[in-house]
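Here the structure comes first, spelled out in structure tokens, and everything after it is commentary.
Protein chains: 2
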Amino acid sequence: MDKYTMYGKLTALPGKREELSTLLLEASRCLRHVDGCELYIINESVEDPDVIWITEMWRDTEAHAESLHNTEVLAIIQRARPLIATIEPIRLRPLGGIGL
Amino acid sequence: MDKYTMYGKLTALPGKREELSTLLLEASRCLRHVDGCELYIINESVEDPDVIWITEMWRDTEAHAESLHNTEVLAIIQRARPLIATIEPIRLRPLGGIGL
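Respectively, the protein sequence lines represent chains A and B. Everything in the first sequence is counted per UniProt numbering, starting at 1 for the first residue and increasing by one. Everything in the second sequence is counted per UniProt numbering, starting at 1 for the first residue and increasing by one.
See the structure below:
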């Protein structure tokens, strides 16, 4: 299996998480028809009121790399950027389990 | 939506990650028929050679709580415990996206 998973931890500026998650949900709708996107789930942290985690899984690293050029998503990221304090990506190799 | 997501970060003792991931894949096979388990993916970190992240998503917190009593899974956790240095859970509320 050469699928590619990424968790993206986004810390919003104080009070901006809801606005940010709305934009990310909009981005996920643009990715719905993108080839190779298997998971793109927007989650909010239960413990930290400023934090969002995105669960991404792609058919392979190439599908993920290609998605970074999606112009609709790029436009949304431009709008989201002023709401974000920090971004921390965690790169993973899925081995198996339920939901692959 | 009241689904429940958890990322579990497991740091294996040095050199024990592969043995640990084999046990976790075995646990995931026990969960395949458990009601309400929607994602249970075992991932290894690309950057850290000792780290495994489990992506879990459950229909609701009750389904997750009930799964903690699964005797087959508990038996596997007993075998896995000596391989684990630390466990850090991250509790999340999924809001939407692809793969829900």
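For every residue, glycine included, the Cβ atom is placed at its ideal position computed from N, Cα and C.
CB contact check: residue i to chain B, cutoff 8 Å
i	result
residue 70 of chain A	no
residue 32 of chain A	yes
Under 7 Å from the C-beta of residue i: neighbouring residues of chain B
i	result
residue 37 of chain A	98
residue 95 of chain A	21, 25, 42, 43, 44
residue 47 of chain A	91
Any chain A beta carbon closer than 8 Å to residue i
i	result
residue 59 of chain B	no
residue 92 of chain B	yes
residue 55 of chain B	yes
Alpha-carbon to alpha-carbon, residue j and residue i
i	j	result
residue 90 of chain B	residue 76 of chain A	27 Å
residue 35 of chain A	residue 13 of chain A	32 Å
residue 59 of chain A	residue 31 of chain A	13 Å
residue 6 of chain A	residue 63 of chain B	25 Å
residue 4 of chain B	residue 96 of chain B	12 Å
residue 99 of chain A	residue 15 of chain A	33 Å
residue 69 of chain B	residue 61 of chain B	14 Å
residue 71 of chain A	residue 87 of chain B	39 Å
residue 52 of chain B	residue 10 of chain A	21 Å
residue 49 of chain B	residue 93 of chain A	12 Å
Boundaries (first-last residue) of the beta strand (DSSP E) holding residue i
i	result
residue 73 of chain B	First-last for residue 73 of chain B: 71-80, but that is the alpha helix (DSSP H), not the beta strand (DSSP E).
residue 83 of chain B	Premise fails: residue 83 of chain B is in no beta strand (DSSP E) and is neither H nor E.
residue 34 of chain A	That residue, residue 34 of chain A, is in no beta strand (DSSP E); it is neither H nor E in DSSP.
residue 10 of chain B	4-12
residue 51 of chain A	51-58
Interface residues of chain B facing residue i [CB-CB closer than 8 Å]
i	result
residue 67 of chain A	Neighbours of residue 67 of chain A on chain B: none; closest Cβ ~11 Å, over 8 Å.
Start and end residues, alpha helix (DSSP H) containing residue i
i	result
residue 100 of chain A	Segment: none, residue 100 of chain A is in no alpha helix (DSSP H) and carries neither H nor E.
residue 26 of chain A	17-31
residue 62 of chain A	61-67
Distance cut-off 7 Å: residue i Cβ against heavy atoms of the ligand GDP
i	result
residue 57 of chain A	What this structure holds is no ligand at all, so the ligand GDP is not there to describe.
Query raised in the report: Got a sec: which bits of the stretch 4-16 of chain A sit with their beta carbon under 8 Å from any beta carbon on chain B, in order along the chain?
Result: From the stretch 4-16 of chain A, only 5, 7 have a Cβ closer than 8 Å to chain B.
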